[in-house]
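> The structure follows.
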Amino acid sequence: MEIINVTRSSMPPFEEYCEEIKQLWDSRWLTNMGAKHQQLAERLTGFLDAAHMDILTNGHLSLELSLQALELEGEVITTPFTFASTTQAIARTGLTPVFCDVDPVTLTMDPAKIEVLITEKTCAILPVHVYGNFCDVEAIGAIGRQYGLKVLYDAAHAFGARYKGLGAGAWGDVSCFSFHATKVFHTLEGGGVCFQDEDFGRRLASLKNFGLSDPETAAVWGGNAKMDEFRAAMGLCNLRYVAGEIERRGEVEAYYRKRLEGTPGLRLMSLRPEVQPNHAYFPVLFEERAFGASRDQVWKALKEQDIMARKYFYPLTSSFPCYQGKFDPGNTPVALEASRQVLCLPVYGELSEEIVDRICGILLNCRT
Ligand SMILES: *Cc1c(COP(=O)(O)O)cnc(C)c1O
11 MEIINVTRSS MPPFEEYCEE IKQLWDSRWL TNMGAKHQQL AERLTGFLDA AHMDILTNGH
71 LSLELSLQAL ELEGEVITTP FTFASTTQAI ARTGLTPVFC DVDPVTLTMD PAKIEVLITE
131 KTCAILPVHV YGNFCDVEAI GAIGRQYGLK VLYDAAHAFG ARYKGLGAGA WGDVSCFSFH
191 ATKVFHTLEG GGVCFQDEDF GRRLASLKNF GLSDPETAAV WGGNAKMDEF RAAMGLCNLR
251 YVAGEIERRG EVEAYYRKRL EGTPGLRLMS LRPEVQPNHA YFPVLFEERA FGASRDQVWK
311 ALKEQDIMAR KYFYPLTSSF PCYQGKFDPG NTPVALEASR QVLCLPVYGE LSEEIVDRIC
371 GILLNCRT
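Laid out in C-alpha cells, this is it:
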C-alpha cells in the first residue's frame with residue numbers, strides 16, 4: 011500500500027512552471043534578487059498584508075537574521091511547544107530563550123504568563139502561531155509596548171490564515187514565514203520576513219547578502235540567505251493555487267471532524283474567535299484514560315499501516331540535549347502535557363475521504 015505522509019507538497023502544472031522559468035535562459039540572472047524575486051516579494055507583501063517584506067532562502071535563516079537585524083541582546087521569551095528551529099534560532103544568535111507556557115485550548119503562548127518572566131535582560135517576545143491558529147496578538151502586542159519589547163512571530167504555520175480579516179504578515183514588529191516544501195505554500199525551500207520598520211529591512215537585506223552595504227563594504231557580520239530565481243518562480247506558480255489548496259484542505263478537515271468529533275478522550279483543536287484558518291495541520295489530542303489508548307499507541311498503529319502521522323510537537327524544545335539540561339520542561343506543564351498527547355494526522359488537498367476513513371478507523375480501533 012502507498013505510504014501516507016502527514017502532508018504532500020502541492021505542485022503547479024508542470025508546463026506553467028516551465029513557462030515561468032523560461033525567461034531565465036535568456037536573462038541568465040539566476041539569483042541575487044532578480045526579477046522573479048522582486049515579483050514574488052511584491053505579491054507576497056500584498057497576500058500577507060505586510061507593511062514591508064523580504065524573501066530569503068529558508069524559514070530558519072529568516073528567524074536567525076531577523077533576530078540579528080533587531081540588534082537584540084539578552085533574553086527572549088518564547089514557547090517550547092514549537093519546531094526545533096524557533097529555539098535554535100534564539101540560541102544560535104547568542105540570545106537566551108526563556109520559556110513561557112501555552113494556553114491549554116489554543117496551545118499558543120499564554121499572555122497571562124509572560125509578565126512574570128520579564129527581567130531587566132528581556133529584549134523580545136517570540137511566540138509561534140501554532141498550527142496556523144493565531145496567538146493572542148492584541149495581548150502580546152500590549153505587553154510588548156508596555157515593556158518596550160520587540161514582538162517577533164514565528165509565523166511558519168500561518169501562511170494564508172487570517173485574523174480579523176488580516177493576513178499573518180500584519181502582526182507584531184516582525185513575522186517570519188517558512189516556504190518549505192511541507193508547508194501550505196512553498197518555494198521548495200524558502201522563507202520570508204514581514205516587518206514594520208524600513209531600517210530593519212535594510213539591515214536584513216544586508217545580513218542575507220554577506221553583510222554588504224555596497225560591493226566594497228561589509229558593515230556587519232552577514233551570511234548568505236538569498237532566494238534564487240528558480241524557487242521564486244515556483245512561488246509565483248504556487249501562489250496562484252494556494253487559495254484552492256486551502257479550501258480543499260478545509261473540506262478534508264471537515265470530514266475528519268465529522269468522523270471524530272464527540273469521541274470521548276479525543277480533543278480536536280478550536281480556533282480563536284475571528285480566525286480564518288489555513289488548515290495547515292490537523293492535530294488531535296489523546297487523553298489516554300478517557301480515550302482508551304495513548305498517543306504513542308495510536309501513532310504506532312497508524313505507522314504499522316503506512317500512515318505517517320507526526321508528533322508535532324514532541325518533545326518540547328526545552329528538553330533537547332543540546333541545551334544540556336539548562337531548562338526544566340516541568341516549568342511549562344501545559345505545554346508538557348500537550349506534547350505527550352498531540353498527534354498531527356495527515357492533511358492535504360489531495361487526501362481522499364476513503365483514506366481519511368481508513369485513518370479514523372485505525373485510530374478509533376485503538377480504544378480498549
Ligand atoms: C518549518 C518551520 C520552521 C523552519 O522553516 P524552514 O523553512 O524549514 O527553515 C520554523 N518554525 C516553525 C514553527 C516551522 O514549522
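To convert, note that position 4 of the sequence shown is 14 in the numbering used here; the numbers rise steadily by one, no gaps. Beta carbons are placed, not taken as given, at the ideal position from N, Cα and C, and that holds for glycine. In this text, all values refer to a predicted model and were calculated from it rather than measured experimentally.
1. Which residues in the same chain as Ser-280 place their Cβ atom closer than 8 angstroms to its Cβ, once the five residues preceding and following it in sequence are excluded?
2. Please report the distance separating the alpha-carbon of Ser-19 from that of Phe-169.
3. Can you have a look at Met-318 and say buried or exposed, based on whether 16 or more other CB atoms are within 10 angstroms of its CB?
4. Buried or exposed for Cys-332, please, with buried defined as at least 16 other CB atoms from any protein chain shown within 10 angstroms of its CB.
5. Give the straight-line distance between the Cα atoms of Ala-235 and Ile-372, rounded to the nearest whole angstrom.
6. Return the residue from the list Met-21, Cys-110, Glu-130 that minimises the CA-CA distance to Tyr-251.
7. If you reduce the DSSP assignment to three classes, tell me which class Ala-122 lands in.
8. Assuming Leu-353 and Val-262 form a contact by the criterion Cβ under 8 angstroms, report the distance between their Cβ atoms to the nearest whole angstrom.
9. Measuring CA to CA, which of Met-63, Asp-59, Leu-40, Thr-41 is closest to Ala-6?
10. Is the distance from the Cβ of Asp-164 to the Cβ of Val-138 below 8 angstroms?
11. Taking Thr-327 as the reference, give the member of Lys-160, Ala-99, Gln-48 with the closest Cα.
12. Beta carbon of Lys-160, beta carbon of Leu-80: below 8 angstroms?
13. Arg-282 to Arg-172, Cα distance in whole Å?
14. Leaving out the 5 sequence neighbours to the left and right, which residues in its chain are closer than 7 angstroms to Ser-95 when beta-carbon positions are compared?
15. Drop a sphere of 10 angstroms on the beta-carbon of Tyr-358, count the other beta-carbons inside from all chains shown, and report buried for 16 or more, exposed for fewer.
The short version:
1. Val-115, Thr-116
2. 15 angstroms
3. exposed
4. exposed
5. 43 angstroms
6. Met-21
7. helix
8. With a Cβ gap of about 16 angstroms, Leu-353 and Val-262 do not count as contacting.
9. As displayed, the chain neither begins before 11 nor continues past 378, which places residue 6 out of reach and without an answer.
10. yes
11. Ala-99
12. yes
13. 11 angstroms
14. Gly-69, His-70, Leu-73
15. buried
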